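Engineer: Attaching a single structure in structure tokens format; questions to follow.
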Amino acid sequence: MKTGTHKISPRELAFDIDGVIADTFRAFVNTARERYDIEIDYEAITDYDFRKVIDIDEGISNEIIEMILENPVGLGINPISGAVEVLTRLSYFGPIFFVTARSNRNAIIEWIDKTLGLGDENTIHLEATGAHEDKLPILLKHGIRYFVEDRLETCYLIQGSPVTPIVFDQPWNRKEHPFLSVGDWDEIHDMIEWQI
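Residue numbers (the working numbering): 488 to 683.
Take a look at the structure:
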């Protein structure tokens, strides 16, 4: 973990969903293998725009993405290891703030409820922006000071604002960058001020 930061208040922290909480890219890899007999090495996904670095038919890719976006519960997308425990603990401090570029809010709310057990409106606050570029205004509006995100391009969009991006390590963001970073949910846990 490269941090050098003080402990973060739970009320000042927000999370992206795909690649931070939901193991979405792994679900993509598994679906490609199980339904289409296509082998993809997860570690070979070295660009967020994965079609630049893996060989897959665009039609098949679009079908899998549609399943991920519209039916994450039915597809069986798992949470990233450690997310449930940390998020459950965070929920005792008030609603957990999520900001996603997904546009289908209901599908991801259902996934959060059924997979994380956190679907109660008193437990979460979810903003589905429909575009990565629209995340920063939402974060600013709600007084968020730290945002955990796996997409480097979004971190660069946030850079220079009052919001500090924290990169959640994934194969597609292992390029040189100036941001705080965490390798897993244990490291996120250790950044949080639990005694407030």
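The beta-carbon is built from N, C-alpha and C at its ideal position, and this holds for glycine as well. Just so it is clear, the structure is predicted and the values come from calculations on it, not from any experiment.
1) According to DSSP, is residue 515 helix, strand or coil?
2) Tell me which same chain residues have a C-beta within less than 7 Å of the C-beta of residue 490, skipping the five on either side of it?
3) For residue 535, does the three-state DSSP call read helix, strand or coil?
4) Let's test the definition: count the other Cβ atoms within 10 Å of the Cβ of residue 566 and tell me whether it reaches 16, buried, or not, exposed.
5) Using 8 Å as the cut-off, can you tell me whether the region 603 to 611 makes contact with the region 577 to 592, which would need three or more C-beta pairs spanning the two stretches below that distance?
6) Looking at the unbroken alpha helix (DSSP H) that takes in residue 586, where does it start and where does it end?
7) Determine the DSSP secondary structure at residue 501, reduced to helix, strand or coil.
8) Considering residue 676, what are the terminal residues of the alpha helix (DSSP H) in which it resides?
9) Does DSSP classify residue 658 as helix, strand or coil?
10) With a threshold of 8 Å on Cβ separation, who are the neighbours of residue 538 within its own chain once the five nearest residues in sequence on each side are excluded?
11) Determine the DSSP secondary structure at residue 651, reduced to helix, strand or coil.
12) Kindly list the residues whose CB is nearer than 8 Å to the CB of residue 557, restricted to its own chain and excluding five residues on each side of it in sequence; keep chain order.
13) Have a look at residue 503 and residue 615 and give me their C-alpha separation to the nearest angstrom.
14) Starting from residue 562 and walking both ways along the alpha helix (DSSP H), at which residues does that stretch end?
15) Compare the Cα-Cα distances from residue 523 to each of 551, 505, 536 and 535 and report the closest residue.
16) Consult DSSP for residue 611 and reduce its assignment to one of helix, strand or coil.
17) Helix, strand or coil for residue 488? Go by DSSP, reduced to three states.
18) Buried or exposed, going by whether 16 or more other CB atoms sit within 10 Å of the CB of residue 663?
19) Kindly indicate which three-state DSSP category residue 568 falls into: helix, strand or coil?
Structural biologist: On the basis of the coordinates in this document:
1) Residue 515 falls in the helix class under three-state DSSP.
2) Caution is warranted here: a pLDDT of 47 is assigned to residue 490, below 50, making its placement in the model unreliable, and the coordinate value is therefore given only provisionally. Closer than 7 Å at the Cβ level, and outside the excluded window around residue 490, lie 667 and 678.
3) It is coil, neither helix nor strand.
4) Buried.
5) Contact between the region 603 to 611 and the region 577 to 592 is established, with three or more Cβ pairs separated by less than 8 Å.
6) For residue 586, no alpha helix (DSSP H) encloses it; the enclosing beta strand (DSSP E) starts and ends at 583 to 587.
7) Three-state DSSP puts residue 501 in a strand.
8) Note, residue 676: alpha helix (DSSP H), 672 to 678.
9) Shown here, residue 658 sits in a helix according to DSSP, grouped into three states.
10) Non-local C-beta neighbours of residue 538 in its own chain, meaning closer than 8 Å and more than five positions away in sequence, comprise 545 and 548, ordered along the chain.
11) Reduced to three states, the DSSP call for residue 651 is strand.
12) Within the same chain, and ignoring the five residues on either side of residue 557 in sequence, the residues whose Cβ sits closer than 8 Å to its Cβ are 591 and 594.
13) Taking C-alpha positions only, residue 503 is separated from residue 615 by approximately 10 Å.
14) Where residue 562 is concerned, the enclosing alpha helix (DSSP H) stretches over 559 to 562.
15) The shortest C-alpha separation from residue 523 is found at 551.
16) Note: residue 611 maps to strand in three-state DSSP.
17) The predicted position of residue 488 is uncertain, since its pLDDT is 45 and thus under 50; a value taken from the coordinates is nonetheless stated next. Looking at residue 488 - three-state DSSP - the assignment turns out to be coil, as it is neither helix nor strand.
18) Per the 10 Å Cβ criterion, exposed.
19) Of the three classes helix, strand and coil, the one that applies to residue 568 here is coil, per DSSP.
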